[in-house]
Amino acid sequence: MCALIAMIGVVVYVAVDVVLQFLPPYYSPISEAESNLAVGPFGWIMNLNFLGRALTSFALVGALMAVAWAGRVENRLRVPGLLVPGLALLTVGGICSAVLAFFPTDVAAAGQSVVAASVAGTVHLVVATLGFAAVLAAIVLLTLWVSLSGCLATARRSALVFTVLAVVGVAFLALTVTTVPSVLGLAERLCLLGILGWTYVVARGIRRLS
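Quick note, the sequence shown lines up with residues 1217 to 1426 if you use the numbering used here.
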């Protein structure tokens, strides 16, 4: 059930993001951060989406814990040193996503990098950065766990592909923040594609076990 919730959560999150791009104030998905969607007349929808992403993360944690428990019962649980910190970091990422819903970002001028002009904006920036770092570390550890444990053989290859995509996205995002802010939105969405894609394929792999 948790795996199905995670899969649905990913689909809903992406769908809401796409719809909001076509609503006022018409933020650019190429140059502007995704968090800007939470600022404006329909910002409350994006805030709900942040909460939904948190629920998606928690659902995946629950699904992975169930897989790990089944492996333990059958005396085949391996590399807990990767699983436990991976789940902890994924939980931190979910908490960070929930916090973002209550601290709106400061919208930067077109072509500028991220800004933190208010207390809420500063909290949002710090928490978003922490969340990205935590989730990225989580999916790296959990992808290694998937590969070494053999628990989710059907998801191993696709999980690796999306992990690489997420890592490339984060590197691209760091580059845009420092030197090419005009494509910051594109870089962030590439990173999100990696993270959300990874979430979906791992959850799908768990569903196939049942």
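We put the beta carbon where it would ideally sit given N, CA and C, even for glycine.
(request) Classify Leu-1276 as buried or exposed, calling it buried when 16 or more other Cβ atoms lie within 10 Å of its own Cβ. (result) Per the 10 Å Cβ criterion, buried.
(request) Taking 8 angstroms as the threshold, find out whether the region 1378-1386 comes into contact with the region 1315-1329 through three or more Cβ pairs. (result) In short, these stretches do not touch, since the Cβ pair count stays below three.
(request) Quick one: give me the first and last residue of the alpha helix (DSSP H) that Met-1223 is part of. (result) Following the DSSP letters along the chain, one finds Met-1223 inside the alpha helix (DSSP H) bounded by residues 1218-1237.
(request) Assign Val-1418 to one of three DSSP states: helix, strand, or coil. (result) Three-state result, Val-1418: helix.
(message) Restricting to Cα atoms, I'd like to know which of Leu-1360, Ile-1422, Arg-1420 and Val-1315 is closest to Asn-1265.
(response) Comparing Cα-Cα distances from Asn-1265 to each of Leu-1360, Ile-1422, Arg-1420 and Val-1315, the minimum goes to Val-1315.
(request) Give the secondary structure of Val-1342 by DSSP, where H, G and I count as helix, E and B as strand, and everything else as coil. (result) Helix at Val-1342.
(message) Which runs of the alpha helix (DSSP H) at least 4 residues long sit entirely within the region 1251-1333? Give them in chain order.
(response) Within the region 1251-1333, the complete alpha helix (DSSP H) segments of 4 residues or longer fall at 1259-1289 and 1296-1316, listed in chain order.
(message) Taking the straight line between their C-alpha atoms, what separation do you get for Leu-1389 and Thr-1345?
(response) If I take the Cα positions, the gap works out to 11 angstroms.
(request) Would you mind giving the Cβ-Cβ distance between Ser-1247 and Val-1399, rounded to the nearest angstrom? I have them listed as a contact below 8 angstroms. (result) Going by Cβ atoms, the distance from Ser-1247 to Val-1399 rounds to 7 angstroms, so yes, they are a contact pair.
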